[in-house]
Structures are given as C-alpha cells and as structure tokens.
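**Student:**
Numbering (the working numbering), first residue to last: 49 to 418.
1) Kindly indicate which residue of 108, 234 and 283 has the alpha-carbon position closest to the one of residue 263.
2) Taking only the alpha-carbon atoms, compute the straight-line gap between residue 311 and residue 377 and give it to the nearest angstrom.
3) From 384, 405, 298 and 316, pick the residue whose C-alpha is nearest to that of residue 339; which is it?
4) Please report the residue range of the beta strand (DSSP E) in which residue 409 lies.
5) May I ask you to list the residues that DSSP assigns as paired with residue 370?
6) Roughly how many angstroms separate the alpha carbons of residue 173 and residue 132, rounded to a whole number?
7) From the DSSP secondary-structure annotation, give me the bridge partner or partners of residue 251.
8) Note the first and the last residue of the continuous beta strand (DSSP E) segment covering residue 149.
9) Determine which residues share a DSSP beta bridge with residue 291 and list them.
10) Which of helix, strand or coil does DSSP assign to residue 58?
11) From the DSSP output, which residues share a beta bridge with residue 180?
12) Helix, strand or coil, according to DSSP, for residue 302 in the structure here?
13) Is it buried or exposed for residue 198, if we count other Cβ within 10 angstroms and need 16 for buried?
14) Mind pulling the beta strand (DSSP E) runs of 3 or more residues that sit fully within the segment 384–409?
15) Does DSSP classify residue 30 as helix, strand or coil?
16) Return the Cβ separation of residue 221 and residue 249 in integer angstroms, given the expectation that the two are a contact with Cβ distance under 8 Å.
17) Could you check whether residue 194 and residue 253 sit closer than 8 Å to each other, using their CB atoms as the reference points?
18) Could you tell me whether the Cβ atoms of residue 102 and residue 134 are closer together than 8 Å?
19) Tell me whether the segment 349–356 and the segment 319–327 touch, counting them as touching only if at least three CB pairs, one residue from each stretch, are closer than 8 Å.
20) In the DSSP assignment, the beta strand (DSSP E) including residue 220 goes from what residue to what residue?
21) For residue 292, count neighbouring Cβ atoms within 10 angstroms of its own Cβ and tell me buried if that reaches 16, exposed if not.
22) Assuming residue 333 contacts residue 361 under a Cβ cut-off of 8 Å, what Cβ separation, rounded to an integer in Å, is found between them?
23) Does DSSP put residue 120 in a helix, a strand or coil?
24) Per DSSP, what are the beta-bridge partners of residue 240 in this structure?
25) Under the DSSP definition of a beta bridge, which residues are partnered with residue 312?
26) One question on the structure: do residue 350 and residue 394 come within less than 8 Å of each other, judged by their Cβ atoms?
27) Taking the beta carbon of residue 234 as the centre, do at least 16 other beta carbons fall within 10 Å, making it buried, or is it exposed?
28) Compute the distance between the beta-carbons of residue 303 and residue 317, then report whether it is under 8 Å.
29) What residues in its chain sit with their C-beta under 6 Å from that of residue 280, if we drop five residues either side in the sequence?
30) Using only CA atoms, which one of 226, 260, 319 and 381 lies nearest to residue 244?
31) What's the gap between the Cα of residue 406 and the Cα of residue 206?
32) Would you identify the three-state DSSP class for residue 142, choosing helix, strand or coil?
33) Straight-line CA distance for residue 368 to residue 375?
34) In three-state terms, what does DSSP make of residue 128?
35) Use the C-beta contact count for residue 257: other C-beta atoms within 10 angstroms, 16 or more gives buried, fewer gives exposed.
36) Could you pull the start and end residues of the beta strand (DSSP E) that residue 442 belongs to?
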C-alpha cells in the first residue's frame with residue numbers, strides 16, 4: 049500500500065519554499081490565499097530595506113496619554129519616548145521590540161522633550177514643571193534635578209563642546225530665556241549662560257560646531273545666538289506663525305522648522321548663504337491643526353539628509369524630498385495627531401509618536417528621492 053500524500057493547505061494557499069542560493073531574505077513573495085480563482089495569483093514583491101522584523105511595527109501599552117517626543121539613541125538600537133502622563137518609556141528597536149523600561153514619577157507635570165546623552169548612559173528630560181532631570185539609564189533613577197526655568201520648558205538639545213568632550217545642554221522655556229547647562233551627572237546647579245529673548249521660546253537647537261544656538265520663539269522668528277559672546281548675531285525670518293521645533297541637517301548646513309501656520313521651512317544656515325533671506329525650501333503638506341501642539345520634525349540620516357519628515361493633525365507623517373521640495377509619502381497608521389518624528393541613524397527607518405499614545409516604526413525605501 050502506498051503512503052498517502054500530504055493534504056494541500058486549506059483555502060488554496062501556496063507556499064513558496066526558498067532554494068539554496070536564492071535571493072536575500074529581504075525579498076518576500078506574497079501569494080493570495082483567497083478562494084476566488086481570479087485572485088489566486090502573485091500579488092507583489094515586497095523588498096525589505098531594513099533589519100526590522102516587519103515593515104511596520106506598533107509599540108503601545110506603556111503610556112496612558114499623548115506622546116510628546118520620541119528619539120532613537122545614537123546607536124539606533126534603542127528608542128525613548130516621553131508623554132503627558134509624566135513617564136519615559138524605553139524600547140528595543142529590533143525584534144522582539146520589548147519595552148524594557150518605564151521611568152515614572154521623576155516629573156510632576158507632562159514631559160515635553162528628551163534627549164539621549166552623546167557620551168554616557170544618561171538621558172535629559174524637560175517638563176512643564178519648570179525642571180530638567182538627568183536620568184541614569186542603567187538604574188532608571190534620577191541623578192540630577194535642576195530648577196532650570198521660571199516657566200514651562202518646551203525644548204532641549206545637547207552638544208559636545210570643543211575638543212574637551214564636555215557635554216552642554218541648552219533649554220528654552222516660556223519664561224523667555226535660553227539657558228545652557230553643563231551635562232553629565234555631577235554638573236553645577238547654576239547655568240553656564242543665560243540669554244534673555246523677551247518672549248516664550250518654543251524650540252532650541254545647537255549648531256554643528258556647538259558655537260551657536262538656534263531658538264524659535266513666539267515672535268515667529270528664529271534667533272541665532274553666539275554662545276561664546278552670549279549675543280544674538282542674526283535672525284531667520286519667513287514664518288507667519290510660531291515655529292514648533294528645530295532640527296539641524298546631518299551636514300549642519302540647513303535648519304528644519306515646522307510652524308503653527310502649517311508651513312515648514314528649511315533655512316540655509318551656512319556662513320555664506322546664496323539666498324539673502326536664507327530660505328532654502330518652503331514645504332506644505334503637514335497641517336498643524338488648531339491644538340497648537342509643538343510638532344517635532346526630523347532629517348533622514350542614513351542618506352545624509354535627503355529627506356525630512358513632519359507629523360500633522362491629519363494623523364499622518366509627511367515626508368519630503370529636500371532637493372525638489374516634493375512630497376514623497378503621506379504615511380498613515382496613527383489615530384491622533386502625529387506629534388513627533390525621528391529617523392534611524394543608520395537605516396531607512398522612521399519613528400513616530402502620536403496623541404493616540406502609541407509609537408510606530410516603519411521602514412522606507414532608501415532609493416526615494418534619488
């Protein structure tokens with residue numbers, strides 16, 4: 049008696065077994081398993097462009113309120129997000145994408161922004177409770193608490209000062225000041241420098257060489273401050289409403305600034321700009337909405353900054369090609385305003401946070417914009 053053969057898979061599904069020496073596993077073939085004979089055919093070829101387990105990954109369950117900022121660490125292996133629920137969540141970028149840490153009760157009000165330290169296992173957070181905290185990521189404990197401003201602190205950034213390897217942190221708040229602090233876990237409780245801007249500061253960013261600070265403010269201008277002289281050297285004009293965030297391109301030549309007017313501007317901040325008003329591109333497509341949320345944009349890093357991304361009140365992320373100014377993608381997936389965007393430092397991966405209290409990881413084709 050002959051052995052009975054294996055039964056076919058239910059529903060008419062076909063399984064394509066890879067041969068030895070077949071193409072890289074990044075190419076997957078999707079085949080329909082529908083009962084309709086017309087759909088029993090090859091659908092498409094999906095080319096994977098990153099090391100993520102899936103093209104889109106949702107990270108949820110840690111926060112009970114809107115996410116206000118999210119960032120990859122300098123290595124790209126970890127993710128941090130802060131929320132209006134006063135906590136910071138820590139995630140693995142790659143499979144199994146575990147939420148390996150939740151740091152709570154270090155602030156008494158929503159945490160508005162965070163930054164990974166460039167030199168140690170520390171993280172800086174700023175809050176609506178007027179304080180900046182320094183967190184030790186190996187223990188999950190707060191190692192420094194600074195009463196940094198007399199009002200809500202909206203933004204911070206960090207840089208390495210000169211060749212000494214000293215980390216400096218800049219903060220901007222509703223008290224109208226920009227303040228520079230010594231980073232690390234044992235710095236002074238007094239600021240290194242204070243600059244009075246005269247109106248609430250919504251966003252701050254260091255220049256590539258760490259000698260200048262860009263500060264977006266309620267007067268619709270971006271003030272460029274010489275850190276060494278502690279004086280304003282010029283302003284970047286063009287916005288008709290308040291800039292919501294600032295992000296410097298990987299080469300340090302351009303500055304990305306979304307605004308409440310739903311207009312995103314790329315400024316030329318090179319020492320000698322060919323444009324008198326220093327406006328390199330004006331981008332449209334990411335609606336700011338009526339909630340006056342500080343939407344945080346970012347530059348792609350794996351391709352040297354050929355793309356920028358900003359979230360919007362339409363629950364999507366808008367990605368533009370910098371050179372042409374054209375919209376490349378409108379990425380859906382969230383159920384609320386997309387408040388924060390970041391790009392992976394080494395791979396074509398985008399990270400987004402939203403008012404729906406979730407994070408999304410998605411891979412992008414590296415050839416876009418070529």
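Glycine included, each C-beta is placed from N, C-alpha and C at the ideal position.
**Tutor:** With the given structure in hand:
1) Position 215 of the chain shown holds residue 263. Nearest option by C-alpha distance: 283.
2) As a first step, residue 311 is located in the chain shown; it is residue number 263 there, counting from the start. As a first step, residue 377 is located in the chain shown; it is residue number 329 there, counting from the start. About 17 Å.
3) In the chain shown, the residue the question calls residue 339 occupies position 291. Per the Cα distances, 384.
4) Within the chain shown, numbered from 1, the residue matching residue 409 stands at position 361. Unbroken beta strand (DSSP E) run through residue 409: 407–411.
5) Position 322 of the chain shown, counted from the first residue, corresponds to residue 370. Beta-bridge partners assigned by DSSP to residue 370: none are found.
6) The residue labelled residue 173 in the question sits at position 125 within the chain shown. The residue labelled residue 132 in the question sits at position 84 within the chain shown. When rounded, the distance between both Cα atoms is 12 Å.
7) By 1-based counting over the chain shown, the position of residue 251 is 203. The secondary-structure analysis by DSSP pairs residue 251 across a beta bridge with 264.
8) What you label residue 149 is simply residue 101 of the chain shown in a count that begins at 1. For residue 149, the enclosing beta strand (DSSP E) covers residues 147–151.
9) What you label residue 291 is simply residue 243 of the chain shown in a count that begins at 1. DSSP lists 307 as partners of residue 291.
10) Numbered from its first residue, the chain shown carries residue 58 at position 10. Confidence at residue 58 is low in this model, with a pLDDT of 48, below 50, so its placement is unreliable and the value that follows should be read with caution. Here residue 58 sits in helix by DSSP.
11) Stepping through the chain shown from its first residue, residue 180 is reached at position 132. Bridge partners of residue 180: 174 and 194.
12) Taking the first residue of the chain shown as 1, we reach residue 302 at position 254. Here residue 302 sits in strand by DSSP.
13) Stepping through the chain shown from its first residue, residue 198 is reached at position 150. Exposed: under 16 other Cβ atoms inside 10 Å.
14) For the segment 384–409, whole beta strand (DSSP E) runs of length 3 or above, ordered along the chain, are 386–391 and 397–402.
15) As shown, the chain starts at 49 and ends at 418. That puts residue 30 outside it, with no answer to give.
16) Taking the chain shown and counting its residues from 1, one reaches residue 221 at position 173. Taking the chain shown and counting its residues from 1, one reaches residue 249 at position 201. About 6 Å separates the Cβ atoms of residue 221 and residue 249, confirming a contact at the 8 Å cut-off.
17) On the chain shown, residue 253 is found 205 positions in, with the first residue counted as 1. On the chain shown, residue 194 is found 146 positions in, with the first residue counted as 1. Going by C-beta atoms, residue 253 is not nearer than 8 Å to residue 194.
18) One-based indexing of the chain shown puts residue 102 at position 54. One-based indexing of the chain shown puts residue 134 at position 86. In this structure, residue 134 does not lie closer than 8 Å to residue 102 by Cβ.
19) With a cut-off of 8 Å on Cβ pairs, the segment 349–356 is not in contact with the segment 319–327, counting fewer than three such pairs.
20) The count along the chain shown starts at 1 and reaches residue 220 at position 172. Taken as a continuous stretch (DSSP letters only), the beta strand (DSSP E) holding residue 220 covers 214–221.
21) Residue 292 sits at position 244 when you count from the first residue of the chain shown. So residue 292 ends up on the buried side.
22) Here residue 333 refers to the residue found at position 285 of the chain shown. Here residue 361 refers to the residue found at position 313 of the chain shown. The pair is not a contact, with the Cβ atoms about 12 Å apart (cut-off 8 Å).
23) Position 72 of the chain shown holds residue 120. Strand.
24) Along the chain shown, read from residue 1 onward, the residue named residue 240 stands at position 192. According to DSSP, which records beta bridges pairwise, residue 240 is partnered with nothing at all.
25) By one-based count along the chain shown, residue 312 stands at place 264. Residue 312 is bridged to 331.
26) Here residue 350 corresponds to residue number 302 of the chain shown, with the count starting at 1. Here residue 394 corresponds to residue number 346 of the chain shown, with the count starting at 1. At a Cβ-Cβ threshold of 8 Å, residue 350 and residue 394 count as neighbours.
27) What you label residue 234 is simply residue 186 of the chain shown in a count that begins at 1. With fewer than 16 Cβ atoms within 10 Å of its Cβ, residue 234 is classed as exposed.
28) Taking the first residue of the chain shown as 1, we reach residue 303 at position 255. Taking the first residue of the chain shown as 1, we reach residue 317 at position 269. For residue 303 and residue 317, yes; Cβs fall inside 8 Å.
29) Translated into the one-based positions of the chain shown, residue 280 becomes position 232. So the list reads 271 and 273, once near-sequence residues are dropped.
30) Taking the first residue of the chain shown as position 1, residue 244 is located at position 196. Closest by alpha carbon: 226.
31) In the chain shown, the residue the question calls residue 406 occupies position 358. In the chain shown, the residue the question calls residue 206 occupies position 158. The straight-line gap from Cα to Cα measures roughly 26 Å.
32) Here residue 142 refers to the residue found at position 94 when the chain shown is read from its first residue. Residue state for residue 142 is assigned as coil, using DSSP reduced to three classes.
33) For the purposes of this step, residue 368 is taken as residue 320 along the chain shown, with counting starting at 1. For the purposes of this step, residue 375 is taken as residue 327 along the chain shown, with counting starting at 1. One C-alpha to the other measures close to 4 Å.
34) Reading the chain shown from its first residue, position 80 is the one you call residue 128. Residue 128 falls in the strand class under three-state DSSP.
35) Position 209 of the chain shown, counted from the start, is the residue given in the question as residue 257. Residue burial annotation: residue 257 is exposed, with fewer than 16 other C-beta atoms found within 10 angstroms of its C-beta.
36) Residue 442 lies beyond the stretch modelled for the chain, which goes from 49 to 418, so this question has no answer here.
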